[in-house]
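Sequence positions in the sequence shown follow this note's numbering and run 127 to 279.
C-beta atoms are modelled at their ideal positions from N, C-alpha and C, and glycine is treated no differently.
What you are looking at is a predicted structure, and each value in this text was computed from that prediction instead of being measured.
Taking it in order: structure first as structure tokens, then the write-up.
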Amino acid sequence: MRHAVTTPGIGDPAGFRLGDCATQRNLSPAGRADAAAIGAAFRRHAVPVGHVLASRWCRCVDTAELAFGRVEPAPMVDSIWQEDAAVADRKTAAVRQYVAAYRAPGNLVLVTHDVNVRALTGTSLSQGEMVVARARTDGSLEVVGTLGVPRRP
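Right under this line is the structure:
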């Protein structure tokens, strides 16, 4: 899943520091509402949620917390935007390995960034959208479909 809608802009402001939300591009009020609506849709449709891992960027942690009420920050899903190719490849491989080995009850939810989703699935997402995928034994992901942000009435 890509994090919910943020304040306008591309990337993080100059002086960005991981762990300091005041230095980052964060969820907008609409993004906070969308994240809550995503969680409500999961509950309404009785979608079982297992582990919820998120990039340590505040917008991802906040999306996960608002949607699912819990989150485990996971460096392997931190943004690979502007990462050296070897680092990006290592992070992507770590996610593939984790997904292939996942056996806990409920669906694994990863809240991350568009660039990471593209590296894993070849699918580009808007903010708040998600890819539904099935893990193959080789660690690759079979894309089953995509879901958009549930719209409020």
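Item: Could you have a look at E268 and say whether DSSP puts it in helix, strand or coil?; Value: strand
Item: Which residues mark the beginning and the end of the alpha helix (DSSP H) in which A245 is found?; Value: 240-247
Item: Sorted by chain position, which residues of the same chain lie with C-beta nearer than 8 Å to P174's C-beta, five sequence neighbours on each side aside?; Value: P231, G232, N233
Item: Could you give the residue range of the alpha helix (DSSP H) that holds L144?; Value: Unbroken run through L144: none, as it is neither H nor E.
Item: Out of curiosity, what's the CA-to-CA distance linking A259 and T272?; Value: 9 Å
Item: Hey, out of F142, F168, A130, whose CA is closest to A159's CA?; Value: A130
Item: Look at the alpha carbon of L257 and the alpha carbon of C184, and state the distance between them as a whole number of angstroms.; Value: First, the amino acid is wrong: residue 257 is Val here, not Leu. Using only the alpha carbons, I get a separation of about 21 Å.
Item: Can you give me the Cβ contacts of P279 inside the same chain, cut-off strictly under 8 Å, excluding the 5 residues immediately before and after it?; Value: With a pLDDT of 48 at P279, under the threshold of 50, the predicted position of this residue should be treated as unreliable, and no value is reported.
Item: According to DSSP, simplified to helix, strand and coil, what is T132?; Value: strand
Item: Straight-line CA distance for Q253 to R128?; Value: 6 Å
Item: Should V203 and A180 be called a contact, given that it needs their Cβ atoms to be closer than 8 Å?; Value: yes
Item: Nearest to V241 by alpha carbon, out of R229, T218, T149, G195?; Value: T218
Item: Can you tell me the Cα-Cα spacing of G265 and A200, whole angstroms?; Value: 18 Å
Item: Measuring only the C-alpha atoms, how far is R169 from E268?; Value: 24 Å
Item: Taking the alpha-carbon of V187 as reference, which of R262, R229, A167, T132 has the nearest alpha-carbon?; Value: T132
Item: Alpha carbons only, please: which of R151, R196, R216 is nearest the one belonging to L246?; Value: R216
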